[in-house]
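Reading through the structure tokens given below for one structure.
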Amino acid sequence: MSGTEGAMATVSGTAGRGSPAPARPARPQVAVVGRPNVGKSTLVNRIVGRREAIVEERPGVTRDRKPLDAEWAGRELTIVDTGGWLGSGSVLDRAVSAQAERAVAEAAAILLVVDATVGITDDDARVARLLRTRRTPVLLVANKVDSANRESDAWAFSRLGLGDPHPVSALHGRGTGDLLDALVALLPKQPAAGAGAGLDPSTDPASGPRGAAGPEGTELRVPAVAIVGRPNVGKSTLFNRLVGDERSVVHDEPGTTRDAIDTVVSTEDGMVRFVDTAGMRRRAREAEGAEYYSLVRALQAIDRADAALLVIDASAGVTRQDQRLAERVDAAGDPVVILLNKWELLDPDARRSVGIELEDRLGFLSYAPVLRVSARTGLGVHKLLPAIRASLDAYSRRVPTAELNRVVAAAQADHRSPHGRIIYATQGATNPPTFTLFASAKLPPTYLRFIERRIREHFGLGPTPLQLRVRRRDA
């Protein structure tokens, strides 16, 4: 297998391992588009009924496509929030606009949001002109109509040639019910369950992983893998390579990704949900505005993921920021795979230096596999899926009690603790593997690390965190 070719493909109506399972009816996608700062994310939050899209009173906060599941009048749909659509601008502006165009291309219906307090702008007219060339139905949403006195402002947008505008106030909810009624009426007729519609591969990462349909209506759980790291270390480039699509905006400017964006991919070993997160460069109490909410989303993605890919820019070395982030990932208790990205940029001396820094600053993650990769060229990326699978398998493994006690007894025979002895050992839980040691006295941390290493080596639990709990019991 070279790179990710042949190993992964975007999910399309199949689930789990083996033969395809029955799929649920697809949710029609509704793209919410418009120029920056017209209230698209506020409208999306209003429709889904909770604050999921990041909102701030300045343009450019939303950059990637963010799909969120919603329901109105018994009809399920997926609302896709997009970044501001501009006809011109910087390289980053054009990349954000391209994401909006892709959302439009995949949509069953489109909501074009405009600002009734500003009137028609050149960018509004440009977007409307593009939408008029498509067959996809479009609803024109005149936002920020906070009272009846402003409704007359909305009708000026009729000149855009997209029909009568729907005056709403996304902030206060005014008119949104009528808008959703009109939207549901435009959507394609909902197929009956089991009619063979494709599975919607995208959902909100903050709501937790969603399973695919399994045999007899059961769900096959899809493990979620969060891609985390400092800003500009290559997380989105890696995410796009893994999912085989330009799903996240990639740009050299730090902080390009603002929200947690996820996609389910089908692999040789089953399905995996990869979650691209915003770069974390400071503590939550120090962040402000959009950066604060981006950080909160990233931390939620870590806490709810089944595993984490910690991406480090090898060309910059292992920094203190990497160390702090690794401590936060380790505290979540999930298996971790460390990726030294941009490895192709390092000479032999720099590579040796990074290895020393890794051992010095991330020694507490000594169990974690370390992969040297290039998200840009694909170097070493083919090793990532096997490492994830090994980590998840070890994370959920249960070992025989009799064999566990033989391992512990052999370890004590090789090296006896002067403080007491372990009488009996048992595995109390998985995810992560948790072992309870009944001992005659309190055991020092150094001896517990020795016992942990022997258990880890014997049962092949290398790529997962372990927990040892000691209970005092008289011999």
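Quick note, in the numbering used here, the sequence shown goes up one by one and the last residue is 1511.
Cβ coordinates follow ideal geometry from the N, Cα and C atoms, glycine included.
Check                                                                                                                            : Outcome
Distance CB(S1402)-CB(P1499) smaller than 7 Å                                                                                    : no
Contacts around R1082, its chain only, beta-carbon distance under 7 Å, and the 5 residues preceding and following it disregarded : A1206, G1209, T1212
Residue nearest to D1117 in terms of C-alpha spacing, selected from L1166, R1138, R1111, V1301                                   : R1138
DSSP-derived helix/strand/coil call for K1378                                                                                    : coil
DSSP-derived helix/strand/coil call for R1520                                                                                    : The structure shown does not extend to residue 1520, since the chain is modelled only from 1037 to 1511, so the question has no answer here.
Beta-carbon proximity of G1270 to N1179, cut-off 7 Å                                                                             : no
Short Cβ contact (7 Å threshold) for P1468 with G1399                                                                            : no
Range covered by the alpha helix (DSSP H) that runs through K1271                                                                : 1271–1279
Nearest residue (CA-CA) to N1441, options F1471, P1454, L1175                                                                    : F1471
Cβ-Cβ distance between V1301 and A1260 below 7 Å                                                                                 : no
Alpha-carbon to alpha-carbon, R1071 and G1119                                                                                    : 8 Å
Secondary structure of T1437, DSSP reduced to three states                                                                       : helix
Contact set for E1224: own chain, Cβ-Cβ below 7 Å, skip 5 residues either direction                                              : Strictly speaking, residue 1224 in this sequence is Pro, with Glu absent from that position. Cβ within range, chain order: P1064, A1144.
When G1496, P1501, L1215 are compared against W1108, the one with the closest alpha-carbon                                       : L1215
Beta-carbon proximity of R1425 to D1305, cut-off 7 Å                                                                             : yes
Contact set for E1395: own chain, Cβ-Cβ below 7 Å, skip 5 residues either direction                                              : none
Residue environment, S1410, which counts as buried when at least 16 other CB atoms sit within 10 Å                               : buried
Identified DSSP bridge partners for H1494                                                                                        : In DSSP, H1494 forms no bridge with anything.
Same chain, Cβ closer than 6 Å to V1406, five either side skipped, listed in chain order                                         : I1374
Coarse secondary structure for V1417, derived from DSSP in three states                                                          : helix
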